[in-house]
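For reference, the structure is listed below as structure tokens.
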Amino acid sequence: MMNHDAPPPLSPLLVADFSRILAGPYCTMTLADLGADVIKVERPEGDDTRAWGPPFVDHESTYYLGVNRNKRSIVLDLRDDDDLLLAKTLAEHADVLVENFRPGTMARFGLDEPTIRQANPALVYCSISAFGPGAGRQLAGYDLLVQALGGLMSVTGPDSDTPTKAGVALVDVLAGLFATVGILAALRERDRSGRGQHVEINLMSTLLSALANQSASYVLAGQIPHAMGNGHVSIAPYDTYPTGDGMIVLAVGNDKQFGQLCDALRISALARDQRFRTNELRVRNRAQLREHLERALASSSARYWTKLLPALGIPAGAVNNIADAFAFAEQLGLQPIQNTEDGDNRLGRQVASPITLSATPVSYRTRAPLLGEHGTDIRSWLASLARQGDPDDHNPGHLHKPNTVERARLLGDRQRLVRCGTADPRHGSCLCPPGSTAPASRGLRPGTAT
1 MMNHDAPPPL SPLLVADFSR ILAGPYCTMT LADLGADVIK VERPEGDDTR
51 AWGPPFVDHE STYYLGVNRN KRSIVLDLRD DDDLLLAKTL AEHADVLVEN
101 FRPGTMARFG LDEPTIRQAN PALVYCSISA FGPGAGRQLA GYDLLVQALG
151 GLMSVTGPDS DTPTKAGVAL VDVLAGLFAT VGILAALRER DRSGRGQHVE
201 INLMSTLLSA LANQSASYVL AGQIPHAMGN GHVSIAPYDT YPTGDGMIVL
251 AVGNDKQFGQ LCDALRISAL ARDQRFRTNE LRVRNRAQLR EHLERALASS
301 SARYWTKLLP ALGIPAGAVN NIADAFAFAE QLGLQPIQNT EDGDNRLGRQ
351 VASPITLSAT PVSYRTRAPL LGEHGTDIRS WLASLARQGD PDDHNPGHLH
401 KPNTVERARL LGDRQRLVRC GTADPRHGSC LCPPGSTAPA SRGLRPGTAT
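Just so you know, the UniProt record's numbering puts 385 at position 385 of the sequence shown, and the rest follows in order with no gaps.
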């Protein structure tokens with residue numbers, strides 16, 4: 001049962017977001033959707049994607065708006081000593097830091113993981129790069145380049161002579177998701193040990209992993225896959241097919257489904273043909289199989305087949321554009337568009353998170369921030385932290401405040417923090433110094449019951 005009064009699962013973790021473009025922001029938006037307090041640190045010019053358009057809505061690109069909801073923005077020029085001090089202060093008080101600069105960039109500013117860890121040993125520090133910290137550290141990290149170098153373009157497109165990129169920056173999105181998984185795993189370990197760690201994600205390794213069966217074909221069998229259009233190297237029929245008036249997709253995954261398809265197309269004898277009786281045979285004879293299927297499908301419209309075949313349990317569907325896809329999701333009751341709490345205008349409309357939690361739902365609190373929108377409050381708070389080390393009274397209402405774990409560190413108490421063993425339910429799985437009587441879940445905000 002969904003409890004809308006329950007705090008989000010990652011509340012009140014503080015995330016220092018030094019990332020930009022897509023992989024890092026997608027990761028931090030996912031964390032923010034789950035309740036983390038994400039402070040987006042931007043250079044004076046702002047995140048590059050603010051200008052990546054058209055389309056624009058109220059002078060902001062939809063690219064930027066689509067991956068930065070539920071965050072706060074502060075402008076910090078790391079070349080300015082005062083701003084750099086505030087950036088370091090934020091990093092030293094965060095639960096999680098995410099950055100996707102080229103390896104070595106953060107070190108030039110004293111914001112690298114080893115340096116920050118000296119002041120914040122519980123920090124989960126996530127670095128996202130294009131090709132890792134080794135020999136490829138200086139290579140540019142654009143998704144298109146990684147799709148090419150990582151082999152994806154060689155297996156995408158109509159044939160081997162026409163390398164084709166995916167229609168979205170898929171590697172960036174996947175890297176953001178892997179980064180999220182790594183961060184959550186590191187936070188879980190911190191629950192046990194009190195120690196943070198360094199999470200490293202690179203786009204190249206992300207793609208090689210995500211190539212899945214294509215990578216396995218090479219690694220395990222020594223076979224180099226090639227582009228097959230919309231077909232599948234190991235399954236047939238699994239492709240786009242023309243009908244009497246348009247294209248549909250068939251995704252027939254086993255022999256039973258193939259028999260059902262043949263019955264529906266009124267070519268039942270095809271399922272008993274020695275060339276097509278098993279999936280292995282159909283893959284071997286896919287060209288002949290396609291001729292039979294195209295001839296049968298041409299007898300009726302795409303609409304006819306996409307109504308009939310799914311009703312019979314046969315995996316088939318229309319080739320939708322994006323508008324059609326949202327309309328279809330609406331028909332299924334998936335609620336693919338959500339409004340943020342700060343309004344239902346165009347800026348407040350958001351693509352829904354795919355995550356559904358039964359007890360602690362995803363929240364859509366705020367639209368993507370304007371450049372430096374929250375800078376005044378955040379600067380005041382960070383300046384107070386920098387001056388005093390452990391202020392109690394300068395934290396703006398929705399921002400992270402030093403708590404028991406941080407106080408122990410700031411006061412020089414280096415005792416090992418362990419998972420709390422008290423029976424007091426307020427402690428949950430928090431981290432408390434031995435003998436503590438108050439829960440120390442990192443990031444308790446003013447007014448949070450202790």
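Where a beta carbon is used, it is the ideal one built from N, C-alpha and C, also for glycine. All of these numbers come straight from a predicted model, not from anything done at the bench.
Beta-carbon spacing of residue i, residue j below 7 Å
{"i": "R20", "j": "D37", "result": "no"}
{"i": "L90", "j": "A169", "result": "no"}
{"i": "E341", "j": "R367", "result": "no"}
{"i": "P9", "j": "T376", "result": "no"}
{"i": "Y26", "j": "G157", "result": "no"}
{"i": "V41", "j": "L14", "result": "no"}
{"i": "L281", "j": "R290", "result": "no"}
{"i": "A264", "j": "L309", "result": "yes"}
{"i": "I74", "j": "I128", "result": "no"}
{"i": "Q335", "j": "Q350", "result": "no"}
{"i": "A186", "j": "Q197", "result": "yes"}
Straight-line gap, residue i to residue j (C-alpha atoms, nearest Å)
{"i": "C126", "j": "D172", "result": "15 Å"}
{"i": "V96", "j": "L123", "result": "6 Å"}
{"i": "M247", "j": "I322", "result": "16 Å"}
{"i": "A210", "j": "L250", "result": "23 Å"}
{"i": "G66", "j": "A325", "result": "17 Å"}
{"i": "R72", "j": "G151", "result": "37 Å"}
{"i": "residue 529", "j": "R195", "result": "The chain is shown only over 1 to 450; residue 529 falls outside these bounds and no answer can be derived."}
{"i": "L270", "j": "L347", "result": "53 Å"}
{"i": "S268", "j": "L220", "result": "37 Å"}
{"i": "R53", "j": "A32", "result": "Checking the sequence, you will find Gly at residue 53 rather than Arg. Answer to the nearest angstrom: the Cα atoms are 24 Å apart."}
{"i": "Q214", "j": "K165", "result": "16 Å"}
{"i": "M29", "j": "T180", "result": "10 Å"}
{"i": "A438", "j": "P121", "result": "For A438, the predicted model reports a pLDDT of 38, less than 50, meaning its position is unreliable and no value from the coordinates is stated."}
{"i": "R137", "j": "A107", "result": "13 Å"}
{"i": "D82", "j": "Q388", "result": "15 Å"}
{"i": "F178", "j": "V233", "result": "26 Å"}
{"i": "Q331", "j": "I39", "result": "36 Å"}
{"i": "G167", "j": "Q118", "result": "43 Å"}
{"i": "K307", "j": "L174", "result": "33 Å"}
{"i": "N70", "j": "A6", "result": "18 Å"}
{"i": "I224", "j": "L208", "result": "13 Å"}
{"i": "D191", "j": "V319", "result": "46 Å"}
{"i": "R203", "j": "D143", "result": "Residue 203 is actually Leu in this sequence, not Arg. Each residue's alpha carbon lies about 8 Å from the other."}
{"i": "G24", "j": "T115", "result": "21 Å"}
{"i": "A327", "j": "A383", "result": "48 Å"}
{"i": "L22", "j": "N279", "result": "39 Å"}
Whole-angstrom C-beta distance between residue j and residue i, which should lie under 8 Å
{"i": "L139", "j": "A148", "result": "The pair is not a contact, with the Cβ atoms about 12 Å apart (cut-off 8 Å)."}
{"i": "R286", "j": "G231", "result": "7 Å"}
{"i": "E294", "j": "Y241", "result": "6 Å"}
{"i": "A296", "j": "R266", "result": "7 Å"}
Beta-carbon contacts of residue i that lie in its chain and below 7 Å, excluding the five residues immediately before and after
{"i": "L111", "result": "A87, K88 and A91"}
{"i": "G244", "result": "A298, S299, S300 and S301"}
{"i": "P55", "result": "T62"}
{"i": "P260", "result": "The sequence as given places Gln at residue 260; Pro does not occur at that position. Excluding sequence neighbours, Q260 sits near L312, G313 and I314."}
{"i": "V362", "result": "D33, L34, S353 and I355"}
{"i": "W305", "result": "T243, I248, L297 and A316"}
Contact set for residue i: own chain, Cβ-Cβ below 8 Å, skip 5 residues either direction
{"i": "L78", "result": "R43, L84, A87, F109 and L111"}
{"i": "L145", "result": "A130 and L139"}
{"i": "Q257", "result": "G313, I314 and P315"}
{"i": "S160", "result": "S154, H226 and A227"}
{"i": "S205", "result": "G132"}
{"i": "P163", "result": "A148, M153, S154, T156, G157 and A227"}
{"i": "E60", "result": "R50, L347, A368 and L370"}
{"i": "G222", "result": "none"}
{"i": "I183", "result": "C27, L31, V96, V98, V124, C126 and V199"}
{"i": "V252", "result": "I235, A236, P237, Y238, F258, L261, I314 and P315"}
Own chain partners of residue i with C-beta closer than 6 Å, once the 5 adjacent residues on each side are dropped
{"i": "Q133", "result": "First, the amino acid is wrong: residue 133 is Pro here, not Gln. Cβ neighbours of P133 beyond the five flanking positions: P103."}
{"i": "P396", "result": "With a pLDDT of 47 at P396, under the threshold of 50, the modelled position of this residue cannot be trusted; read the value that follows with caution. Only D377 and W381 meet the Cβ criterion."}
{"i": "A11", "result": "A quick correction: the sequence has Ser, not Ala, at residue 11. Excluding residues within five positions, the ones whose Cβ falls inside 6 Å are G35."}
{"i": "F18", "result": "V41 and E99"}
{"i": "A386", "result": "L85 and T89"}
For this session: Run through the region 9-88 for me and flag every whole beta strand (DSSP E) of 3 or more residues, listed as ranges in chain order.
Result: 14-17, 37-42 and 71-75
Exercise. What alpha helix (DSSP H) runs, 4 residues minimum, are completely inside the region 251-295?
Worked result: 255-264 and 279-284
For this session: Please specify which runs of the alpha helix (DSSP H), each continuous and at least 4 residues long, are wholly inside the region 301-382, giving them in chain order.
Result: 302-311 and 322-331
Problem set entry | Length-filtered (4 minimum) alpha helix (DSSP H) runs lying within the region 195-223 | 203-210 and 213-221
Exercise. Which ranges does the alpha helix (DSSP H) cover as unbroken runs of at least 4 residues, wholly within the region 83-158, from first to last along the chain?
Worked result: Fully contained in the region 83-158 are the following alpha helix (DSSP H) runs of length 4 or more, in chain order: 105-108, 113-119 and 143-149.
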